[in-house]
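Colleague: This structure is in structure tokens; I'll ask about it shortly.
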Amino acid sequence: MSCLQTISDYAFRSIGYGPRLLPKSDITLCEQVTLIGSGMLWNIYFGVLALAFGFIFATALAVAKNSPSPWLRKPSEWFIFLFRGSPLFIQFFLAYELFVQLPKTGIDIFGLTLETGNLTRAWAGALVVLFLNTAAYSAEIFYGALRAIPKGDIEAADAYGMMGWTRFRRITWPTMLRLAWPAYTNEAIFLFHATALVFFSGFPAWQQKGDALYYASYFAEKTFNPFVPYPIVAGYFVLLIIIVIAIFGLINIRLNRHLPSTRRPKLRIRPQILR
Amino acid sequence: MFTSCTDPSTLDGLNWLACYLTTGKHVLFYKSFFVVLTLLAVTAPLALGVGFLGAVVSRSKHAPLRWIGTLYTSMVRGVPDIVFFLFVPLAMDQGFEWVRHKTLCRDWSEPIRQGNDFLVCSAAKLPLGSAPQSVHEIYGFALAVLAFAVVFGAFAANVLAGAMKAVPRAQMETAEAYGMSPRQSFWRIMVPQMWIYALPGLSNLWMVLIKATPLLFLLGVEDIVYWARELGGAKTSHFTYPHPDWRLWYFLGLLVFYLGFTKLSEIVLARITTRLSRGQATMAGEQMRKDT
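So the protein sequences, as listed, match chains A and B. Here full-length UniProt numbering is used: the first residue of the first sequence is 1, the next is one more, and so on. Here full-length UniProt numbering is used: the first residue of the second sequence is 1, the next is one more, and so on.
Shown next, in the form of structure tokens:
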């Protein structure tokens with residue numbers, strides 16, 4: 001079987017298109033590269049969606065944590081503590097066991113039926129966990145940035161008569177993003193790394209549709225040679241991270257476009273603080 | 001454990017629970033918490049040592065050494081740690097066996113890799129097939145520790161290299177002015193001063209390390225996650241203590257354990273930061289000098 005044939009067979013195996021059976025014997029390098037690359041689709045799916053939803057929720061959480069009212073501050077403080085203080089691995093297990101116990105038919109809330117069946121599947125359940133997790137980590141970053149906004153910026157906004165929502169939209173939020181962006185880039189990188197955990201933590205890979213690491217460990221088990229599949233996975237992730245850094249770098253330039261190019265803060269690719 | 005536990009089917013309520021929570025398997029579960037703590041106690045200094053070495057190498061004057069150091073410290077930035085946790089133990093195991101095979105069985109002519117098999121002579125097997133179960137367990141744990149040391153050593157190298165760079169240049173210049181050799185100024189001036197700059201990164205790393213410990217489960221060590229799944233699973237009436245699926249509660253227990261542990265670490269690390277800031281040329285140190 002030629003390599004092109006393999007690619008056309010297995011390129012979308014991870015999302016259910018292609019032969020049912022994975023290669024079992026005489027595994028070629030081409031099959032490993034194709035299937036692991038196919039699995040990367042899941043890593044990208046989880047990472048992008050969790051980041052997008054998490055970003056919105058994190059902003060709300062950070063503002064709530066910064067609020068003087070304890071009714072807003074305490075819940076968001078607890079939420080952030082809960083998700084930052086415990087391992088993601090345990091959160092996955094816990095969430096899966098929780099979702100399994102939910103009634104299969106859905107939950108009725110004020111006449112609306114919430115669909116729960118999908119939550120035991122990785123595509124929805126793991127996404128929820130990743131979303132909440134990254135929201136908590138990002139919220140802490142955004143909160144720190146909110147506290148670091150120069151007093152003069154806010155005073156200037158006040159002097160212009162900007163209040164409430166206008167001031168938040170035009171001054172507070174953009175400044176917060178600007179300050180938080182290097183750390184947030186770091187968080188995005190670690191979120192993409194965290195997506196590799198999904199299929200090792202309770203959520204079953206239905207019909208062997210898994211992510212890159214799932215296929216890599218499959219191959220390592222079948223060939224008993226870890227020196228081929230794991231470097232392939234590593235290569236794919238390095239590529240993904242380079243793309244993430246490039247995109248976040250572009251946004252960073254956009255956020256700091258009002259500054260002269262020599263004074264624009266550079267994205268530090270090796271920050272001291274991890275998640 | 002208790003004498004009243006001899007016939008669990010007659011018990012109910014709290015008595016049943018007390019007996020249930022003190023069965024032999026539960027004692028093993030409680031002991032597995034010490035496995036986690038042992039891992040932390042062994043890995044943290046090891047990773048710090050590896051990280052120190054990595055930082056020194058990545059600042060080396062010789063270009064090839066520097067490249068190796070930089071490659072090592074930057075690899076954890078691009079590749080998920082879990083890939084290393086799956087890769088390193090397997091690779092190390094095969095590496096050790098390969099070396100032993102080459103030295104112990106010189107007259108072996110067949111290739112080691114035959115298709116999907118990795119075959120070494122029985123004398124090269126690690127641990128030896130005749131070894132007791134406990135040796136197998138310790139060997140598995142040691143491989144896990146190695147994997148953790150490799151990954152967290154790279155993180156620590158990143159932090160320490162940054163800290164070395166952060167020591168004020170004037171301090172090093174003064175050392176040179178006093179006629180210290182590079183080696184002397186490194187050990188006498190830079191190393192004692194770098195810790196305060198490394199501390200925020202290292203405390204963060206400690207938190208990450210704590211939160212990485214449940215990954216031991218993936219390395220086949222019988223850790224707390226293993227026992228939580230084992231004990232929590234539904235038990236039919238064939239068992240002495242039948243119960244429905246309680247894994248949710250066991251994982252909730254683990255969650256609380258980790259929350260408490262990270263909270264405690266946070267408090268302790270805050271104290272250490274205060275202690276180390278004393279007499280340092282930093283904002284916090286200056287504040288302390290003024291206060292007293």
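The C-beta atom is built at its ideal place from N, Cα and C for all residues, glycine as well.
1. Residues of chain B with CB under 8 angstroms from residue 223 of chain A, in chain order?
2. Of the residues that make up the stretch 91-110 of chain B, which ones have a beta carbon closer than 7 angstroms to any beta carbon in chain A?
3. Pairs of beta-carbons, one from the stretch 145-160 of chain B and one from the stretch 39-52 of chain B, closer than 8 angstroms: are there three or more?
4. Ordered along the chain, which non-local residues of its own chain (more than five positions away) have a Cβ less than 6 angstroms from that of residue 148 of chain B?
5. Please confirm if residue 208 of chain B has its CB atom under 9 angstroms from at least one CB of chain A.
6. Could you list which residues in chain A have their beta carbon closer than 8 angstroms to that of residue 78 of chain B, in chain order?
7. Could you tell me if residue 123 of chain B is buried or exposed, where buried requires 16 or more neighbouring beta carbons within 10 angstroms of its beta carbon?
8. Closer than 7 angstroms by beta-carbon distance: list the chain A residues that pair up with residue 255 of chain B, in chain order.
9. Looking only at its chain, what residues have a beta carbon closer than 8 angstroms to the beta carbon of residue 167 of chain A, apart from the 5 residues adjacent to it on each side?
10. Could you have a look at residue 117 of chain B and say whether DSSP puts it in helix, strand or coil?
11. If the cut is a Cβ gap below 8 angstroms, which residues of chain A does residue 82 of chain B touch?
12. For residue 261 of chain A, which residues of its own chain have a beta-carbon under 7 angstroms away from its beta-carbon, when the five flanking residues on both sides are left out?
13. Straight-line CA distance for residue 167 of chain B to residue 76 of chain B?
14. Looking at the unbroken alpha helix (DSSP H) that takes in residue 26 of chain B, where does it start and where does it end?
15. Where does residue 68 of chain B fall in DSSP's three states?
16. Taking the alpha-carbon positions, what's the residue 95 of chain A to residue 129 of chain A distance?
17. Would you call residue 3 of chain A buried or exposed, if buried means 16 or more other Cβ atoms sit within 10 Å of its Cβ?
18. When the Cα atoms are used, what is the spatial distance from residue 165 of chain A to residue 67 of chain A?
19. Between the Cα of residue 216 of chain B and the Cα atoms of B:16, B:33 and B:12, which residue gives the shortest distance?
20. Return the Cβ separation of residue 337 of chain A and residue 214 of chain A in integer angstroms, given the expectation that the two are a contact with Cβ distance under 8 angstroms.
21. Is there a C-beta anywhere in chain A that falls below 9 angstroms from the one on residue 56 of chain B?
22. Against chain B, with Cβ distances strictly below 9 angstroms, would residue 217 of chain A count as a contact?
23. So residue 88 of chain B is in the alpha helix (DSSP H); what residue range does that whole segment cover?
24. List the residues that DSSP assigns as beta-bridge partners of residue 243 of chain B.
25. What residues from chain B crowd round residue 77 of chain A, counting only those whose CB sits closer than 8 angstroms?
26. Are the stretch 243-256 of chain B and the stretch 89-104 of chain A touching, with three or more C-beta to C-beta distances below 8 angstroms?
27. Beta carbons nearer than 8 angstroms to chain A: which residues of the stretch 239-252 of chain B have them?
28. On a CA-only basis, which of A:56, A:37 and A:10 is nearest residue 173 of chain A? Give me that one, please.
29. Within 10 angstroms of its Cβ, does residue 27 of chain B collect 16 or more other Cβ (buried), or is it exposed?
30. Would you please verify whether the beta carbon of residue 230 of chain A is less than 9 angstroms from any beta carbon of chain B?
31. Which of helix, strand or coil does DSSP assign to residue 267 of chain A?
32. Any C-beta of chain B sitting closer than 9 angstroms to the C-beta of residue 27 of chain A?
33. Less than 9 angstroms between the C-beta atoms of residue 233 of chain A and residue 196 of chain A, yes or no?
34. Measure from the alpha carbon of residue 100 of chain A to the alpha carbon of each residue in A:119, A:239 and A:30, then state which is nearest.
35. Grab the span of the alpha helix (DSSP H) containing residue 150 of chain B for me, first residue to last.
36. Below 8 angstroms on the Cβ atoms is my guess for residue 18 of chain A versus residue 10 of chain A; work out the distance and round it to an integer in Å.
Modeller: In terms of the structure at hand:
1. What residue 223 of chain A touches in chain B: 116.
2. Those would be 91, in chain order.
3. Yes: at least three Cβ pairs fall under 8 angstroms.
4. So the list reads 43, once near-sequence residues are dropped.
5. At a cut-off of 9 angstroms between beta-carbon atoms, residue 208 of chain B makes contact with chain A.
6. Listed along chain A, the residues sitting closer than 8 angstroms to residue 78 of chain B by beta-carbon distance are 234, 237, 238, 241 and 242.
7. With fewer than 16 Cβ atoms within 10 Å of its Cβ, residue 123 of chain B is classed as exposed.
8. Chain A residues near residue 255 of chain B: 86, 90 and 94.
9. Cβ within range, chain order: 154, 157 and 158.
10. Residue 117 of chain B falls in the strand class under three-state DSSP.
11. Under the 8 angstroms cutoff, chain A gives 193, 196, 197, 200 and 213.
12. If we look at residue 261 of chain A and ignore the five residues flanking it on each side, it has no Cβ neighbours.
13. Here the alpha carbons of residue 76 of chain B and residue 167 of chain B stand approximately 24 angstroms from one another.
14. It spans 24-58 - the alpha helix (DSSP H) in which residue 26 of chain B sits, taken as one unbroken run.
15. The DSSP-derived three-state label of residue 68 of chain B is helix.
16. If I take the Cα positions, the gap works out to 7 angstroms.
17. By the 10 Å Cβ count, residue 3 of chain A comes out exposed.
18. Roughly 14 angstroms separates the two Cα atoms.
19. Of B:16, B:33 and B:12, the residue nearest in Cα terms is B:33.
20. Only positions 1 to 275 of chain A appear in this structure, which leaves residue 337 of chain A out of reach.
21. No, residue 56 of chain B lies away from the interface with chain A (no Cβ there is under 9 angstroms from its Cβ).
22. For residue 217 of chain A, the closest Cβ of chain B is nearer than 9 angstroms.
23. Where residue 88 of chain B is concerned, the enclosing alpha helix (DSSP H) starts and stops at 81-104.
24. The secondary-structure analysis by DSSP pairs residue 243 of chain B across a beta bridge with B:235.
25. Think of a sphere of 8 angstroms around the beta carbon of residue 77 of chain A: no beta carbon from chain B falls inside it, the nearest being about 13 angstroms out.
26. These segments touch.
27. Answer in chain order: 245, 247, 248, 251 and 252.
28. Looking from the CA of residue 173 of chain A, the closest CA among A:56, A:37 and A:10 belongs to A:56.
29. Here residue 27 of chain B is exposed: its Cβ has fewer than 16 other Cβ atoms, across all protein chains shown, within 10 Å.
30. Residue-level contact by beta carbon holds for residue 230 of chain A and chain B, with a gap shorter than 9 angstroms.
31. Residue 267 of chain A falls in the coil class under three-state DSSP.
32. At least one chain B Cβ lies under 9 angstroms of residue 27 of chain A.
33. Yes, the pair counts as a contact, with Cβ atoms nearer than the cut-off.
34. Distances from the CA of residue 100 of chain A to each of A:119, A:239 and A:30 were compared; the closest alpha carbon is that of A:119.
35. It spans 133-166 - the alpha helix (DSSP H) in which residue 150 of chain B sits, taken as one unbroken run.
36. In this structure residue 18 of chain A touches residue 10 of chain A by the C-beta definition: roughly 5 angstroms separates them, less than 8 angstroms.
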